[in-house]
Amino acid sequence: MRRIYLVLALVLIAGLAAPGAAQQKLKAGFIYVGPIGDYGWTHAHDEGRRLAQQRLPWLETIYVESVPEGQVEPFIERMIQQGARVIFTTSFGFMDGTLAAARRYPNHIFAHASGFKRNRNMATYMADFYQVYYLNGLMAGALTRTGRTAYVGAFPIPEVKRHLNAFALGVRTVNPQATVHVRWIFEWFNPAAAKEATEALIAAGADVFAFTEDSPTVVQVAARRNLPSFGHYSPMQKFAPRHVVSGQLVHWDRIYIDFLSKIYAGRYTADNLADVDYWWLLAEKAVELGGEPGVPINPAFRAALQAARVSTPDLGRVSVYDLVMRRLAQMSAPQMTFDPFTGPIRDRKGVLRVPAGKRLTVGELTSMEWAAPGVVGPWPKEP
Amino acid sequence: MDEGGWVLATAIRAMALGTPILWGTLGEIVAERSGVINLGVEGMMILGALAAFVVAQLTGQPAVGLGVAAAVGGAAALLHAFVSITLRANQYVSGLALTMFGLGLAGLLGRGWEGRPLLDTLPEISALTYAGLGLAAALWAVFYHTRWGIVLRSVGEMPAAADALGVNVALVRYLAVAFGGVMAGAAGAFLSLAYRPAWTEGMTAGMGWIVIAIAIFAAWDPLRAVAGALLFGALFHLSFRLQAWVAPELLKMMPFAFTILALAATAGGRRGQGAPEALGVPYVTGER
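One line per chain: the protein sequences are A and B, in this order.
All the letters of the first sequence, read from the start, carry residue numbers 89 to 471 under the working numbering.
All the letters of the second sequence, read from the start, carry residue numbers 135 to 422 under the working numbering.
Now the structure itself:
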């Protein structure tokens, strides 16, 4: 009998103590579309979550992985039952489910990655690579011997088309005759498809490779043929130390830490998020140039890039290496003095897409369907 | 590129991608010939891929990784054998469960192994490729020209009759299913040691299902499995080569549709004849 009193007392104490602790902590839930072990998109989001948790002592996080896109709502419900006050949903396909949940739980805070629908308690966020792809393109244009660069694309959607076009603009800046040959695999993750697409591009004579797919396959295939490539999303230089020139790296933790800190400080509430859209680029350090953190250009390619020279309207005649570093600095500055999508830019059919002196807006960037000059290959939904 | 170059390049790609498919398919054919369908190929394959990668990383010996992967695949298959042969559970359910179990377990155990380059790899067109081709011929010979083949096939066609003749039905089925697992595990090892080479969660990406489809549409014939695996590999590669001229949306389905169509069209009357009569039916002594 006495033992029961003891248990009751403990339960009471725990019950009294728990709300006190909960007031101190902010609980955030992360919903992932893929497995954490994908070494791509979901892996990067989870790195961001873990870094945020390390940096913010008042933060507590929970997550679920491999959530099918149509079934996000029950997972949101469960996280809210588990006490999460902030929910991050990290796939475009979660958009409508997240919005529905945001309307049903007006006092909770939601943030949706890569989408465009917001609500008073739902923000959107994206770390975008188009500037980095442009820099990769500059280097690819200098390194191609056949005049044919290659791009293995996941899906022909505006996000990938924007990156591909930025890459092509970079290639053509250095090498006006060069082309970008495209193959689509219609999957975010499929190593076999990425591999055969790369082999097909090699057979078509391409000799420098960029891509959008969540595995280091393209890098590995190119390296086996002794051809240079650019890593994507995760550090991939280690998969081919002598062949990865550079690449794109993401730092979702920058966005997560900023957003959560503002919630904790009371600046963001469930009432003022309707206009909160993180569109973070190089300047915010949400993305980084390189195949390895802290290494914007693999030293193995330094000499080749310094030997290649190019004429520019604003910097005169410079080496491609210097041009990349200069453009990187310009785009990393708080006041961006350079943007790849500055007019005049015509698409590959000759239609003027960016008038002279104009820059594309975020809305125009996120709805891009046209193909840049030099792009060779299929382009579904080409206007 | 000239025509000779096209043919040669496509043949090489067909052999590279065809190797894991062929290994998996031959294993599945043997299992199904004994009357046990195993839908767990994807699960066994990915367990093999992870085991091979981890062992190769730790020992620096890809060949050891391959051996361990085969053993892991075989052990996973024994689970299916126990549930579906000894416990006589529904083979389809048990196989599906094995696929889910394998994908889940490999994902869990593989955490932290993604993003690590493998220094010692296997070549893409390797002894495994030729062994697969040789094994197909050997299996064909065993099936149709040896006593073992007759025993295996009669267990799959009419287990009661085999039982009456003194054949240990359960033992034959156990061995056949385990052989299927060994082959699937080795196929997974090829993916993570040679074809990729790397570990990523979910890296088999549906290859196990392609294997099951080819086993069926090859009419459970090892030689036709060679044709199916190589045809699929060639078409899969060509679906990217041809994107320069044909809409990629159409090409996406081509390897799947054409391989199945080609195998089905050439099967003629053999498909009905080839399907093991007792496929998917648990055997209970004395019941008919």
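Cβ atoms here follow ideal geometry from the backbone N, Cα and C, with glycine treated the same way.
What does residue i reach in chain B if we use C-beta pairs closer than 8 Å?
i, result
"histidine 131 of chain A", "Glu248 and Gly249"
"threonine 305 of chain A", "Arg330 and Ala332"
"proline 468 of chain A", "Ala381, Pro382 and Glu383"
"glycine 465 of chain A", "Gln377 and Ala378"
"phenylalanine 277 of chain A", "Thr334, Gly336 and Ala339"
Could you work out which residue in the options is closest to residue i when comparing CA atoms only?
i, options, result
"alanine 459 of chain A", "A:Lys326, A:Ile119, A:Glu157 and A:Leu257", "A:Leu257"
"glycine 290 of chain B", "B:Val316, B:Leu325, B:Leu156 and B:Ala165", "B:Ala165"
"arginine 330 of chain B", "B:Val415, B:Asn224 and B:Pro251", "B:Pro251"
"threonine 305 of chain A", "A:Ala282, A:Gly382 and A:Ala230", "A:Ala282"
"proline 382 of chain B", "B:Phe390, B:Leu151 and B:Ser373", "B:Ser373"
"glycine 128 of chain A", "A:Phe299, A:Lys249 and A:Phe255", "A:Phe299"
"leucine 369 of chain A", "A:Asp363, A:His339 and A:Arg355", "A:His339"
Quick one: what does DSSP say residue i is sitting in, helix, strand or coil?
i, result
"glutamate 148 of chain A", "strand"
"leucine 440 of chain A", "strand"
"phenylalanine 204 of chain A", "coil"
"methionine 210 of chain A", "strand"
"glycine 335 of chain A", "strand"
"glycine 108 of chain A", "Residue confidence for glycine 108 of chain A is low, a pLDDT of 44 falling below 50, so the modelled location carries little weight; the figure read from the coordinates is stated next. DSSP places glycine 108 of chain A in helix when its eight states are reduced to three."
"phenylalanine 277 of chain A", "coil"
"serine 322 of chain A", "coil"
"serine 288 of chain B", "helix"
"leucine 325 of chain B", "helix"
"threonine 286 of chain A", "helix"
"serine 260 of chain B", "coil"
"leucine 221 of chain B", "coil"
"leucine 200 of chain B", "helix"
"serine 154 of chain A", "coil"
"valine 31 of chain A", "Within the shown structure, residues of chain A are numbered from 89 to 471, placing residue 31 of chain A beyond reach of any answer."
"serine 455 of chain A", "coil"
Name, please, each residue of chain B whose Cβ falls closer than 9 Å to the Cβ of residue i.
i, result
"isoleucine 124 of chain A", "Gly241, Arg245, Glu248 and Glu335"
"phenylalanine 274 of chain A", "Pro382, Glu383 and Lys386"
"lysine 326 of chain A", "Gly249, Arg250 and Pro251"
"glutamine 487 of chain A", "One cannot answer for residue 487 of chain A here, as it falls past the ends of chain A, which runs 89 to 471."
In the DSSP output, which residue or residues are listed as bridge partners for residue i?
i, result
"valine 240 of chain A", "A:Arg271 and A:Phe299"
"isoleucine 197 of chain A", "A:Val174"
"lysine 115 of chain A", "A:Glu148"
"tyrosine 417 of chain B", "According to DSSP, which records beta bridges pairwise, tyrosine 417 of chain B is partnered with nothing at all."
"aspartate 365 of chain A", "A:Thr212"
"threonine 430 of chain A", "A:Arg447"
"glycine 258 of chain A", "Glycine 258 of chain A is not bridged to any residue."
"glutamate 383 of chain B", "Paired residues: none, contrary to the question."
"arginine 405 of chain A", "A:Ser399"
"glutamate 376 of chain A", "A:Leu337"
"serine 228 of chain B", "DSSP, once it has assigned bridges, lists no residue as partnering serine 228 of chain B."
"valine 383 of chain A", "A:Glu380"
"valine 464 of chain A", "A:His269"
"serine 168 of chain B", "DSSP, once it has assigned bridges, lists no residue as partnering serine 168 of chain B."
Starting from residue i, find everything on chain A with Cβ-Cβ shorter than 7 Å and list it in chain order.
i, result
"phenylalanine 374 of chain B", "Arg271, Glu284, Ala285 and Ala288"
"alanine 347 of chain B", "The premise fails here: alanine 347 of chain B is roughly 15 Å from chain A at the closest Cβ pair, so nothing lies under 7 Å."
"alanine 143 of chain B", "Ala291"
Please work out which residues of its chain come closer than 7 Å, Cβ to Cβ, to residue i, disregarding the five sequence neighbours upstream and downstream, and give them in chain order.
i, result
"threonine 233 of chain B", "Leu173, Gly174, Glu176, Gly177 and Gly342"
"proline 194 of chain A", "Asn209 and Ala358"
"arginine 312 of chain A", "none"
"alanine 388 of chain A", "Arg330"
"phenylalanine 327 of chain A", "Pro304, Val307 and Gln308"
Would you say the beta carbon of residue i comes nearer than 7 Å to a heavy atom of the ligand ATP?
i, result
"alanine 204 of chain B", "Absence of the ligand ATP is noted for the structure shown, with no ligands found whatsoever."
Suppose the cutoff is 6 Å on Cβ atoms and the five residues either side in sequence are ignored; what does the same chain contact list for residue i look like?
i, result
"glutamate 380 of chain A", "Pro323 and Gln325"
"glycine 266 of chain B", "Thr153, Leu156 and Trp157"
"proline 244 of chain A", "Trp272 and Pro468"
"leucine 96 of chain A", "Residue placement at leucine 96 of chain A is flagged as unreliable, the pLDDT there being 49, under the threshold of 50; the coordinate-derived value follows with that caveat. Within the same chain, leucine 96 of chain A has no close Cβ partners at all."
"glycine 414 of chain B", "Ile171 and Gln225"
"leucine 397 of chain B", "Phe351, Ala352 and Gly362"
"methionine 456 of chain A", "Pro246, Lys249 and Arg250"
"glutamate 153 of chain A", "Tyr120, Pro123 and Ile124"
"proline 316 of chain A", "Leu231, Val296, His331 and Val333"
Using a Cβ-Cβ cutoff of less than 8 Å, which residues in the same chain neighbour residue i once the five nearest sequence positions on both sides are dropped?
i, result
"tyrosine 308 of chain B", "Leu212, Ala215 and Ile219"
"alanine 312 of chain B", "Gly208, Ala211, Leu212 and Ala215"
So residue i contacts chain A; which residues on that side make the cut at Cβ distance below 9 Å?
i, result
"leucine 151 of chain B", "Ala280, Lys283 and Glu284"
"alanine 368 of chain B", "The contacting residues do not exist; alanine 368 of chain B stays about 10 Å from chain A at best."
In chain B, what lies closer than 7 Å to residue i by C-beta?
i, result
"proline 373 of chain A", "With the sequence shown as reference, residue 373 of chain A is identified as lysine, and proline is not the correct amino acid for it. By Cβ distance, chain B contributes nothing, its closest Cβ being about 22 Å from lysine 373 of chain A, past 7 Å."
"serine 322 of chain A", "Gly249"
"tyrosine 127 of chain A", "Glu248, Gly249 and Thr334"
What residues of chain A sit near residue i, judged by a beta carbon separation below 8 Å?
i, result
"arginine 147 of chain B", "Glu284 and Glu287"
"histidine 371 of chain B", "Glu284, Glu287 and Ala288"
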